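Have a look at the structure below, then the notes.
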Amino acid sequence: MLPSDMESFIELCCSRDGFSREDAEKRAEVVEWVAFHNPCDDGEPTYMVGAQGDRVVAHLGRMPTLFSVDGKPEVASYFHDLYVHPDLRTTNAQGFFLSMKMYRQAEKASNSFCAMIWTNEINISLQKSRKYTQMWTDHRVMLLGLSEKIDSKIPKFIAPPAKSAVRTLLAASDWANGLRLKCDANVERIETFDSRFDSFADAIAPDLGVAPRKDQKYLAWKYADRPRLDASFFQLLDSLGQLAGFCVVVNPDETATSSIAELVVLRNNPSGINALLQAAIQHLRAMGAERIEAVASDQPYSEALHQRFFRRDLRVPLFLAHSDRSPYSESLQSPSQWHVSLGDSEGPF
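With the working numbering, you'll find the sequence shown wraps up at 680, consecutive numbering, no jumps.
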């Protein structure tokens, strides 16, 4: 895909279920940013497209990413955002063969391993067809809206006074849990990411196992400068005032759903993780969030989410292709070695 293809890309987006022209234009603005402003551009195509003449009828994203693997840098790729025009999905399996061809081209453009997350059932089937390594991790949800908690758990025939009593108990439980995990660490809200995050990315690399290198340019591209993203950022400071962690939250949407996109703490310190989680939850609660989504594949972060009543919602795929291209293949094939966050790849936004 070239910048000159974006008008045709908008037309293709209009074929998505429930998408208006305005929705398509908004999506194209984000895709243009992801495709053509990546600070880890490796010179190879970042979106593969299927075309009929000048008309774009399918696309598959390839996101070059500087990973840290066992503390060592390695440029690899995320595959994401597969979409084929509905007309091709119902015509002699054209959509299937076109999708497979785009996957092959994306693999050829990648010099190292290729990771795929947040994919849907159709894409999972395609990736299984290509014999990708299948791993899975937990998607977790915390419900802040008491009415949603109660209505989903208590039968409708129970009298309103009983529901009111349960609401009181749930509120007390939330308060007690927050008090039990309360931390005195210094957490501050910040507006953007500065040069401290470059040295911090080096410091945390051994702690995170397999993860994108989260330096200033990466975080600015993913969050601070990204169009159409309403997000808030928090930093954790140690006793000397030095950066010791950070958190990125996506503020509530029209359904009152929000996300914890990034949560990173030096040496995976549980006290620091809980301090940032507490700040994030308080912020999102104040903004009217009723539902907070998060993903954590490594134990210190998944345990912190569990303690904060983030319950397992579903299993999400972490698929891998061509791990043999990496000298760290063994680590790549263990999901517990990955630090997976909701903001990874193109993020669920």
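All residues carry an ideal CB built from backbone N, CA and C; glycine is no exception. As the structure is a prediction and not an experimental result, all values here were calculated from the model.
- Leu607 is not a Cβ neighbour of Leu571, given a cutoff of 7 Å.
- In the structure shown, Met337 falls within a helical segment according to DSSP collapsed to helix, strand and coil.
- Its Cα nearest to that of Glu375, the residue Leu333 stands out among Pro404, Gln668 and Leu333.
- In the three-state reduction of the DSSP assignment, Tyr414 falls in the strand class, which pools E and B.
- Check the Cα spacing between Val380 and each of Gln573, Asn517, Gly349 and Asp412: the tightest is with Asp412.
- A Cβ-Cβ contact shorter than 7 Å links Met394 with Tyr409.
- For Met618, the secondary structure class from DSSP, reduced to helix, strand or coil, is coil.
- The bridge partners DSSP lists for Thr468 are Val647.
- The C-alpha of Gln664 lies about 12 Å from the C-alpha of Cys445.
- Shown here, His390 sits in a strand according to DSSP, grouped into three states.
- Three or more beta-carbon pairs separated by less than 8 Å are not found between the segment 356-364 and the segment 643-655, which leaves the two stretches without contact.
- By the beta-carbon neighbour count (other beta carbons within 10 angstroms, threshold 16), Glu593 is buried.
- Burial check for Glu621: the Cβ neighbour count within 10 Å reaches 16 or more, so the residue is buried.
- In the DSSP assignment, Trp449 is bridged to no other residue.
- When C-alpha distances from Pro558 are compared across Arg358, Pro631 and Ile455, the shortest belongs to Arg358.
- Residue pairing for Glu405: DSSP places it in a beta bridge opposite Phe398.
- In the structure shown, the three-state DSSP call for Pro583 is coil.
- Note that the C-beta distance between Arg527 and Leu474 is not below 7 Å.
- Going by beta carbons, Gln465 and Phe650 fall inside the 7 Å limit.
- Per DSSP, reduced to three states, the secondary structure at Arg520 is strand.
- Burial of Ala625 is indicated by the presence of at least 16 other C-beta atoms within 10 angstroms of its C-beta.
- Beta-bridge partners of Cys578 (DSSP): Phe565 and Leu594.
- Put simply, the backbone Cα of Pro631 is about 10 Å away from that of Asn605.
- Only buried fits Ile623, as 16 or more other CB atoms lie within 10 angstroms of its CB.
- The C-beta of Asp584 has fewer than 16 other C-beta atoms within 10 Å across all chains shown, which makes the residue exposed.
- When rounded, the separation of the alpha-carbon atoms in Asp561 and Lys553 is 12 Å.
- Taking the CA atoms as reference points, Ala652 sits about 29 Å from Asp529.
- Within the same chain, Met466, Trp467, Thr468, Ser628 and Leu649 come within 8 Å of Pro666 by CB-CB distance, once the 5 residues on both sides are set aside.
- DSSP places Gln383 inside the beta strand (DSSP E), whose first and last residues are Tyr378 to Gln383.
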